[in-house]
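K.L.:
Residue numbers (the UniProt record's numbering): 1 to 637. First the structure, which I've put down as structure tokens, then a few questions once you've had a look.
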């Protein structure tokens, strides 16, 4: 009996199969529920089928032809969200004769994200770009009338006039299109480095050629039209003009009318401004007077552009990971024509509130080299790099760049490195005593053993001498006569031969960095002592009695500091653990209680102290608590 027949049967007929009345009721209820669920499923399947049929039969792609004026048909599903606009990115590229450069946000460029209609053409997109980058027709690079303007696509190709925005999206399949406003200086417009530089040099040579004539009469005013070069660098320079003073073989001019000037030396000279003297001296180091530029024809535009195009770069490092971050940054960095600054990230992820005026750089260099001493060197007082399996040529070359940058930027030299090793990297040979450096390299107990043996071989402990020889792989039996030579050989092995791979990585970078005499002076000057640190303290001229007392406390405190604490004092005041600054300015402030604590400004090398302390022990206790702290934060600008 099926469920359909149960609906047709009477209760009496069904009782022949189910005698109990309750069973018959439960059966009828079950069949009724089953039939309603089946009907509901059929209805849902029917609705779904209708939607599928409608979406396939009535599906129609929208047309974006410009001449279409009628409305689109009703879309189904998510196509009801169809909009008539799409977002694009707009940037600005400034063109030079040999290259193109994207204009950054701080100079009026950057990337702008704007909505545009899908039927927008090149003219409409270009108009929007002009409005953004040349508000009121003006930008930091000049007026819009000074440039030839065009619109480029993401591949720096010229956008076609007839294509609409939607057609470009359909052709490229890029989710977000980027366009560039391309500006090219017109004649007399802004440009650097560009053709006007050549024009200026040509004009300057034309002026200097006047000196080739043996007789010069008073010049009459030149009424020829001259194109004005609107170059930001050239316009900032004083006018180039022929120079006759301070030049051998040339007599000073006489301003009387009709007077003739004789020129014994026909070499061309041109006077240049003072602030360009350093650049010219780099180009022509053999010149006697850097303010006199000889042989103007020999100077190319590239000489100027290479010296003047300087990039600024900020390197972000994490406190505690400075060694790793610095090596990774400098491995990809070229130090030529770049100005570096640093940002320090604290362990909690926040960036320290400090602008790098030199203090952050010194602090970063100090932390880098202190970590380097711990993880990458061997030795006690004098250290040399040790080879690591995870450091190859790339990493050691980056460390050499950091050494060069520290010296050129802040006169920071890692003086804890053994001096013979540094000399080997700089000059390919060493000049200082290997034996003295070796005594600083080995532990103090070994130093005492060897010095005792050198003074009196019979009084020294022979077993201890043998232990030192074995530790440093000496394969000869020491005697009174052979001991000095053995020490020299061990020193050369430990200080020169062992780190030779590192020397080979450093040498191409560090050669000619510093002269021999200057290196010796740097090792002596940069190593801090209580006396040398006290000399660079600068106090106010007029001090009260309390301020004089505090200044005396500070001088006494510095003289009592150990070598390690003296380095911490310098790092607290200047950011550097070496004596790399010329002056530490001390100011006195009226603070008391909990607020009475030393405050240092590392960029300006300024130390702020309270005027009043009850006694020297109180001053020493409060300052020691700061120096012994494991964490310092630059928390103000």
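Even glycine gets a Cβ: it sits at the ideal position worked out from N, Cα and C. Keep in mind that this is a model prediction, so the values were computed, not measured.
1. Name the one or two DSSP bridge partners that residue 587 has.
2. Tell me whether residue 475 sits in a helix, a strand or coil according to DSSP, three-state version.
3. Is there contact here, the segment 513-529 with the segment 416-427, by at least three beta-carbon pairs under 8 angstroms?
4. Would you call residue 359 buried or exposed, if buried means 16 or more other Cβ atoms sit within 10 Å of its Cβ?
5. Nearest to residue 165 by CA position, among 87, 500 and 572, is which residue?
6. Relative to the alpha-carbon of residue 185, which residue among 122, 96 and 161 has its alpha-carbon at the smallest distance?
7. Report the CB separation of residue 438 from residue 487 in whole angstroms; it is logged as a contact under 8 angstroms.
8. For the candidate residues 21, 504 and 19, whose alpha-carbon lies nearest to that of residue 399?
9. Can you tell me which of the three DSSP states residue 433 falls into?
10. Whole angstroms are fine: how far does the CA of residue 356 sit from the CA of residue 350?
11. Excluding five sequence neighbours on each side, which residues of the same chain lie with their C-beta closer than 6 angstroms to the C-beta of residue 581?
12. Of the residues 569, 603, 570 and 608, which one's Cα is nearest the Cα of residue 587?
13. What residue does the alpha helix (DSSP H) around residue 399 start on, and which one ends it?
14. What residue does the beta strand (DSSP E) around residue 316 start on, and which one ends it?
15. Excluding five sequence neighbours on each side, which residues of the same chain lie with their C-beta closer than 6 angstroms to the C-beta of residue 103?
16. Which value, in whole angstroms, describes the spacing of the CA atoms of residue 122 and residue 176?
17. Using the rule of at least 16 other Cβ atoms within 10 Å of the residue's Cβ for burial, across every protein chain shown, is residue 115 buried or exposed?
18. How is the alpha helix (DSSP H) around residue 125 delimited, first residue to last?
19. Look at residue 495 and residue 418 and say whether their C-beta atoms are less than 8 angstroms apart.
20. Is it buried or exposed for residue 469, if we count other Cβ within 10 angstroms and need 16 for buried?
21. Here's the rule: buried if 16 or more other CB atoms are within 10 angstroms of the residue's CB, otherwise exposed. What is residue 476?
22. Quick one: using the 10 Å Cβ neighbour count with 16 as the cut-off for buried, is residue 410 buried or exposed?
23. In three-state DSSP terms, what is residue 602?
24. Thinking just about the alpha-carbon of each residue, which of 421, 446, 441 and 112 is nearest to the one in residue 507?
25. Just confirm the distance between the C-beta atoms of residue 414 and residue 403, as a whole number of angstroms; I'd bet it's less than 8 angstroms.
26. Quick one: Cα of residue 448 to Cα of residue 497, how far?
27. Identify, in the order they occur along the chain, each residue of the same chain with its Cβ nearer than 8 angstroms to the Cβ of residue 543, setting aside the five sequence neighbours on each side.
28. How do the segment 592-602 and the segment 528-542 stand: do at least 3 beta-carbon pairs fall below 8 angstroms, yes or no?
29. First and last residue of the alpha helix (DSSP H) that includes residue 447?
30. Out of 444, 454, 435 and 453, which has the shortest C-alpha to C-alpha gap to residue 492?
31. With DSSP run on the structure shown, which of helix, strand or coil describes residue 166?
32. What separation, rounded to the nearest whole angstrom, lies between the Cα atoms of residue 412 and residue 141?
33. Name the DSSP bridge partner or partners of residue 342?
34. Enumerate in chain order the residues of its own chain whose CB-to-CB distance from residue 523 is below 7 angstroms, with the five nearest sequence positions on each side excluded.
35. For residue 107, collect the residues of the same chain with a Cβ closer than 8 angstroms to its Cβ; drop the 5 residues on either side in sequence, then sort them by chain order.
36. Please identify the residue among 13, 23, 526 and 455 whose C-alpha is closest to the C-alpha of residue 481.
P.N.:
So, from the data block:
1. Bridge partners of residue 587: 608.
2. Coil at residue 475, not helix or strand.
3. Yes: at least three Cβ pairs fall under 8 angstroms.
4. With 16 or more Cβ atoms within 10 Å of its Cβ, residue 359 is classed as buried.
5. Selected option, being the one with the closest Cα: 87.
6. Comparing Cα positions, the closest option is 96.
7. Sure, about 7 angstroms apart at Cβ, within 8 angstroms.
8. A check of alpha carbon separations from residue 399 across 21, 504 and 19 identifies 504 as the nearest.
9. Note: residue 433 maps to coil in three-state DSSP.
10. Distance from the CA of residue 350 to the CA of residue 356, rounded to the nearest whole angstrom, comes to 16 angstroms.
11. Closer than 6 angstroms at the Cβ level, and outside the excluded window around residue 581, lie 574 and 605.
12. That would be 608, whose Cα lies nearest to the Cα of residue 587.
13. Membership of residue 399 in the alpha helix (DSSP H) is indicated by the continuous run 393-410.
14. Where residue 316 is concerned, the enclosing beta strand (DSSP E) stretches over 311-318.
15. By the criterion of a C-beta distance shorter than 6 angstroms, residue 103 is surrounded in its chain by 92, 94 and 109, once the five residues flanking it on both sides are discounted.
16. Answer to the nearest angstrom: the Cα atoms are 16 angstroms apart.
17. Around the Cβ of residue 115, a 10 Å sphere holds fewer than 16 other Cβ atoms; the residue is exposed.
18. Where residue 125 is concerned, the enclosing alpha helix (DSSP H) stretches over 122-133.
19. Yes, Cβ-Cβ distance for residue 495 and residue 418 is below 8 angstroms.
20. Residue 469 comes out buried.
21. Counting Cβ neighbours within 10 Å, residue 476 comes out exposed, since fewer than 16 surround it.
22. Residue 410 should be labelled buried.
23. Residue 602 carries a coil assignment under DSSP once its states are collapsed to helix, strand and coil.
24. Nearest of 421, 446, 441 and 112 to residue 507, Cα basis: 421.
25. Between residue 403 and residue 414 the Cβ distance is about 7 angstroms, and since that is below 8 angstroms, they are a contact.
26. Their backbone Cα atoms lie some 24 angstroms apart in a straight line.
27. 551 and 588.
28. Using a C-beta cut-off of 8 angstroms, the segment 592-602 makes no contact with the segment 528-542, since fewer than three inter-stretch Cβ pairs fall below that distance.
29. That run of the alpha helix (DSSP H) goes 444-455.
30. Closest option to residue 492, Cα to Cα, is 435.
31. It is helical.
32. If I take the Cα positions, the gap works out to 38 angstroms.
33. Bridge partners of residue 342: 315.
34. So the qualifying residues of the chain are 415 and 419.
35. Listed in chain order, the non-local C-beta contacts of residue 107 below 8 angstroms within the same chain comprise 140 and 141, local neighbours out to five positions each way being set aside.
36. Among 13, 23, 526 and 455, the Cα nearest to that of residue 481 is on 455.
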